[in-house]
Amino acid sequence: MRPFRPAEPSYAGVGVTFCRTELVLEPADLRGADVAIVGAPFDDGTSFRPGARFGPRAIRAAEDVAGPSTRPHMELGVDPFAELRVVDHGDIEATPADLATSHRRLRATLTDVLEADAIPVVLGGDHSLSTPTMQALADRLGPDGYAVLHFDTHADTGATTFGVANTHGTPFHRGVTEGFLRGDHVVQVGLRGTWPTPPEFAWMRDQGFRWHTMDEIEDRGLPSVVAEAVASVTGAAPRVYLTVDIDVLDPAFAPGTGTPEPGGLTTRELLRAVRTVAASVDLCAMDLVEVSPPYDPAGVTALAAQRLVLETLSGLALRRSGRSARPERP
Ligand SMILES: [Mn+2]
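Under UniProt numbering, the first residue of the sequence shown is numbered 1, with each subsequent residue one higher.
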C-alpha cells in the first residue's frame, strides 16, 4: 500500500479515511467493493472564492470518532458499513493549475471504480468534476443509460464562465453539447438567486432540463419535490447520478463554499432528501462538491457534507438490504 502518490500536492492525500473505512489504493483491489470513496482535491474550475481543493481532507476529518466503521441509522435500522463494503480509494492525483489533467485522472479513476462494479462517491473539489464523472458514466452506461439528480443553487449550464469553457459553471452545458449527457435526463433542485440568466434558462428548456426553484420548494415542501424529482429521473433512465453542491444549503448552514447564495435549504431538509433519493433509485455515482474549508471557521460545512454522504450510504444500504425502514421507537 502506498502512503501517498508521487506527484501529490500537499493539500491532497488521505489523512484519515472516510469513517475509518479500509484504504484501498490499487484499482485491482476494488473488486468486491460496493462503494469507493474518491477525493478530488482541485478547485481550478472555481469562478469566485477558491478553497475546495481542501474539501476532501476536511470532509473525511469532519467526523472522526475513531473506533470501527459502525454507524447504525436510528431511523432506518441499517448500518451502512454492515450492509455495504465501503472502501476509501484515496485522492486522485490533482495537478495544480492544470484542470484538464486533473479531470483526465478523475475520469480514469472513476472508470476503474465503475469497472469494479462499485459506486463512486466523490468528495470535491469544485463542481467541474461533474464533467469527467459524466464522461466516465457515459463511457460505461451510454448517455441514455443514466439520469442526473442535481441539488444546487446554480444550474451550472453556462456555455462559459468569464469566457472559459471548462469551469465549475459549465459541466451540464458541456455534457449536452459534447454528447455525454442528455438534457431531458437532468432534474435540478434548489435553484435560486440570479444565475442562470433568462437566456440560459431558455437553452435549458430547449434541451428538456427540468428544475425546481426554492420558491416552489418552500410552497410544496421538499419531500413532495423530491418525490417528483425521483419519479422524473427514474422514468428517464435506469441509473441515477446524484450530485450535491453544498451551496444548495443556506449559507447559515454552509458558509464554507465558493459561491454562497442566501435563501437555501436547511441541513436537516437536505439530509433526509439525499437519504430518500439513495433509497429510491439505482444509484450509479454520487458526489458532494464545493466545500471550501478556508471559509468554514466552525467546520459546520464539512460536517454537513460528511453527513450528507453518510445519509446517502444509509439510504443505499436500506435499498440493498431489501428491508423497509425500522426506526428506533419507544
Ligand atoms: Mn454547482
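Glycine is no exception: its CB is placed at the ideal position from the N, C-alpha and C atoms.
Practice problem: Identify whether residue 295 lies in helix, strand or coil by the three-state DSSP scheme. | Solution: Counted from its first residue, the sequence shown places residue 295 at position 295. Here residue 295 sits in helix by DSSP.
Practice problem: Report buried or exposed for residue 1, applying the criterion of at least 16 other Cβ atoms within 10 angstroms of its Cβ. | Solution: In the sequence shown, the residue the question calls residue 1 occupies position 1. The pLDDT assigned to residue 1 is 41, lower than 50, so where the model puts this residue is not dependable; a value taken from the coordinates is nonetheless given after this. Exposed: under 16 other Cβ atoms inside 10 Å.
Quiz item: Is residue 103 near ligand 1, in the sense that its beta carbon is under 7 Å from a heavy atom of that ligand?
Solution: Position 103 of the sequence shown, counting from 1, holds the residue named residue 103. No.
Self-check item: Cβ-based neighbour list, residue 146, same chain, cut-off 6 Å, excluding 5 preceding and 5 following
Solution: One-based indexing of the sequence shown puts residue 146 at position 146. Correct list, in chain order: 137, 237, 239, 241 and 284.
Practice problem: With ligand 1 as the reference, list in chain order each residue whose Cβ lies under 7 Å from any of its heavy atoms. | Solution: Residues with a Cβ closer than 7 Å to any heavy atom of ligand 1, in chain order: 127, 152, 154, 156, 168, 245, 247, 289 and 290.
Practice problem: Can you tell me which of the three DSSP states residue 1 falls into? | Solution: The sequence position of residue 1 within the sequence shown is 1, counting from 1. Because residue 1 carries a pLDDT of 41, less than 50, the predicted location of this residue cannot be relied on, and the following value inherits that uncertainty. Under the three-state reduction of DSSP output, residue 1 falls in the coil class, being neither helix nor strand.
Self-check item: residue 189 to residue 221 span [Cα, whole Å]
Solution: Taking the sequence shown and counting its residues from 1, the one referred to as residue 189 is at position 189. Taking the sequence shown and counting its residues from 1, the one referred to as residue 221 is at position 221. If you draw a straight line from the Cα of residue 189 to the Cα of residue 221, it comes to about 12 Å.
Quiz item: By Cβ distance below 7 Å, which residues in the same chain neighbour residue 161 in space, the five residues on each side in sequence not counted?
Solution: Here residue 161 is taken as the residue at index 161 of the sequence shown, counted from 1. Correct list, in chain order: 47, 167, 169 and 170.
Quiz item: Could you give the distance in angstroms between the alpha-carbon of residue 24 and the alpha-carbon of residue 105?
Solution: The residue you call residue 24 lines up with position 24 of the sequence shown. The residue you call residue 105 lines up with position 105 of the sequence shown. If you take the alpha carbons of residue 24 and residue 105, they lie about 17 Å apart.
Exercise. Examine chain B for any beta-carbon lying closer than 8 Å to the beta-carbon of residue 174, and answer yes or no.
Key: Judged by its chain identifiers, the structure shown contains no chain B, having just a single protein chain.
Practice problem: For the beta strand (DSSP E) holding residue 56, just list the boundary residues, first then last. | Solution: For the purposes of this step, residue 56 is taken as residue 56 along the sequence shown, with counting starting at 1. That residue, residue 56, is in no beta strand (DSSP E); its alpha helix (DSSP H) goes 55–62.
Quiz prompt | Helix, strand or coil at residue 195 [DSSP, three-state] | solution = As a first step, residue 195 must be located in the sequence shown, where it is residue number 195. Residue 195: coil per DSSP, three-state reduction.
Self-check item: Rounded straight-line distance, which links the Cα of residue 261 to that of residue 175
Solution: Position 175 of the sequence shown, counting from 1, holds the residue named residue 175. Position 261 of the sequence shown, counting from 1, holds the residue named residue 261. Cα-Cα distance, rounded: 25 Å.
Quiz item: What number of angstroms, rounded off, separates the C-alpha of residue 153 from the C-alpha of residue 70?
Solution: As a position in the sequence shown, residue 153 is number 153, starting the count at 1. As a position in the sequence shown, residue 70 is number 70, starting the count at 1. About 33 Å.
Exercise. Report all residues from its chain with a CB closer than 7 Å to the CB of residue 313; omit the five preceding and five following residues, and keep chain order.
Key: One-based indexing of the sequence shown puts residue 313 at position 313. Within the same chain, residue 313 has close Cβ partners 35, 80, 84 and 86.
Quiz item: When DSSP labels each residue in this structure, what does residue 323 get in the three-state scheme?
Solution: The count along the sequence shown starts at 1 and reaches residue 323 at position 323. Three-state result, residue 323: coil.
Self-check item: Rounded C-alpha distance that separates residue 22 from residue 38
Solution: As a first step, residue 22 is located in the sequence shown; it is residue number 22 there, counting from the start. As a first step, residue 38 is located in the sequence shown; it is residue number 38 there, counting from the start. Roughly 12 Å between the two C-alpha positions.
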